[in-house]
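Chains as they are written, first to last, in this note's numbering: chain G, 2 to 189; chain F, 361 to 446. A virtual CB, placed ideally from N, CA and C, is assigned to each residue, including glycine.
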Amino acid sequence: MGTLDTHAWLADHGDYLFRVARRQLHSDELAEDAVQETLLAALSAQARYAGEASPRTWLTGILKHKIVDQIRRNVREVEIPRDADGEEAVDSLFKQDGHWAELVRPWGNPHTEAELSQLRRVLDECADRLKPVMAQVFSLREVAGMETEEICKELDITPTNCWVLLHRARLFMRQCLELNGFSKAGAA
Amino acid sequence: MKWMATCRETTELASRAMDQRLPFGDRMAMRMHLAICRNCARFDQQLQEMRRLFRVETGADEDVAPGLTAEARQRIATEMQKKLGT
Numbered sequence: 002m003g004t005l006d007t008h009a010w011l012a013d014h015g016d017y018l019f020r021v022a023r024r025q026l027h028s029d030e031l032a033e034d035a036v037q038e039t040l041l042a043a044l045s046a047q048a049r050y051a052g053e054a055s056p057r058t059w060l061t062g063i064l065k066h067k068i069v070d071q072i073r074r075n076v077r078e079v080e081i082p083r084d085a086d087g088e089e090a091v092d093s094l095f096k097q098d099g100h101w102a103e104l105v106r107p108w109g110n111p112h113t114e115a116e117l118s119q120l121r122r123v124l125d126e127c128a129d130r131l132k133p134v135m136a137q138v139f140s141l142r143e144v145a146g147m148e149t150e151e152i153c154k155e156l157d158i159t160p161t162n163c164w165v166l167l168h169r170a171r172l173f174m175r176q177c178l179e180l181n182g183f184s185k186a187g188a189a
Numbered sequence: 361m362k363w364m365a366t367c368r369e370t371t372e373l374a375s376r377a378m379d380q381r382l383p384f385g386d387r388m389a390m391r392m393h394l395a396i397c398r399n400c401a402r403f404d405q406q407l408q409e410m411r412r413l414f415r416v417e418t419g420a421d422e423d424v425a426p427g428l429t430a431e432a433r434q435r436i437a438t439e440m441q442k443k444l445g446t
């Protein structure tokens with residue numbers, strides 16, 4: 002019986018789990034690994050699944066742990082940039098006196114499902130373009146919802162370094178969204 | 361503490377406020393600036409909007425993003441089969 006259930010997991014939830022993982026890991030390969038680890042872990046733990054949540058909710062819960070594991074492993078392999086890195090990119094957004102160099106445009110207000118899908122697609126694309134370590138810190142905070150203290154500990158970086166990375170990632174994401182037409186005036 | 365922060369400083373404060381409670385002085389400096397600066401007020405709103413959009417998991421249901429490829433699916437199925445066999 003367990004065998005049947007398990008095959009249904011891959012067929013019914015495989016794509017869903019992959020998209021959730023892909024969004025956080027920004028890599029097809031890492032996302033596939035996370036899905037595989039999740040399903041294998043689920044096989045080992047199926048005795049503990051008492052049907053209290055839907056299989057998808059249960060599997061997604063396991064996936065979140067696997068994603069954090071992946072990021073943790075991954076981040077060890079990328080170099081933590083020094084504080085000065087990326088400073089120029091921030092400099093270009095502001096004038097010497099600290100004012101914005103350009104107008105911050107209001108965003109459109111997506112209501113329809115089509116508009117929301119479009120926005121999510123652009124969000125994912127922009128997140129993929131962040132520098133690896135920035136993408137990881139941003140994902141742990143904004144997607145996985147971890148506290149910055151936890152993130153610092155996990156990644157073994159200082160709180161200051163963590164905030165600098167997060168702040169730059171947010172500035173970059175906002176600008177990327179604007180450049181990709183997600184603003185009222187900029188919409189083609 | 362200056363009586364009011366610049367735009368650049370305000371974006372830093374707004375960003376940090378997404379992660380922790382700011383000290384009183386910083387909070388006041390940020391609020392005063394946000395009250396009179398449309399650009400920074402928008403920036404602050406957009407930070408919150410981004411968080412909302414990223415935290416929502418719906419969307420993983422849709423077909424907009426590619427799912428598992430046939431090959432990936434096969435690889436996973438094989439691994440699961442191996443595990444079940446042991």
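Note that the C-beta distance between residue 73 of chain G and residue 155 of chain G is below 8 Å. For residue 367 of chain F against residue 99 of chain G, the beta-carbon gap comes to about 6 Å, under 8 Å, which counts as contact. Here residue 425 of chain F is not near residue 171 of chain G, since their CB atoms are 8 Å or more apart. Judged by beta-carbon spacing, residue 121 of chain G lies within the 8 Å limit of residue 413 of chain F, meaning their Cβ atoms are closer than that value. Per DSSP, residue 45 of chain G is one residue of the alpha helix (DSSP H) stretching across 29–46. With contacts defined as CB atoms closer than 8 Å, residue 35 of chain G and residue 26 of chain G qualify as a contacting pair.
The continuous alpha helix (DSSP H) containing residue 385 of chain F extends over residues 384–396. For residue 154 of chain G, the uninterrupted alpha helix (DSSP H) segment begins and ends at 149–156. Within chain G, 33 have C-beta atoms less than 7 Å from the C-beta of residue 432 of chain F, given in sequence order. Take residue 147 of chain G, set aside five residues on each side of it, and the residues of its chain with a beta-carbon closer than 7 Å to its own are 141, in chain order. CA-to-CA, the gap between residue 58 of chain G and residue 145 of chain G works out to about 15 Å. Residue 123 of chain G: member of the alpha helix (DSSP H) spanning 114–130, first to last residue.
Look at residue 95 of chain G here: in three-state DSSP terms it is strand.
Proximity of chain F to residue 107 of chain G at the Cβ level (cut-off 7 Å) is accounted for by 402, in chain order. Judged by their CB atoms, residue 32 of chain G and residue 60 of chain G are not nearer to each other than the 8 Å cut-off. With contacts defined as CB atoms closer than 8 Å, residue 163 of chain G and residue 153 of chain G qualify as a contacting pair. The beta carbons of residue 381 of chain F and residue 11 of chain G sit no closer together than 8 Å.
In the three-state reduction of the DSSP assignment, residue 108 of chain G falls in the coil class, being assigned neither a helical nor a strand state.
Going by DSSP, residue 164 of chain G is part of the alpha helix (DSSP H) stretching over 160–180. In this model, residue 91 of chain G and residue 403 of chain F are separated by some 14 Å (Cα to Cα). The shortest C-alpha to C-alpha distance from residue 134 of chain G to any of G/46, G/38, G/165 is the one to G/165.
With respect to chain F, the C-beta atom of residue 174 of chain G has a partner C-beta closer than 8 Å.
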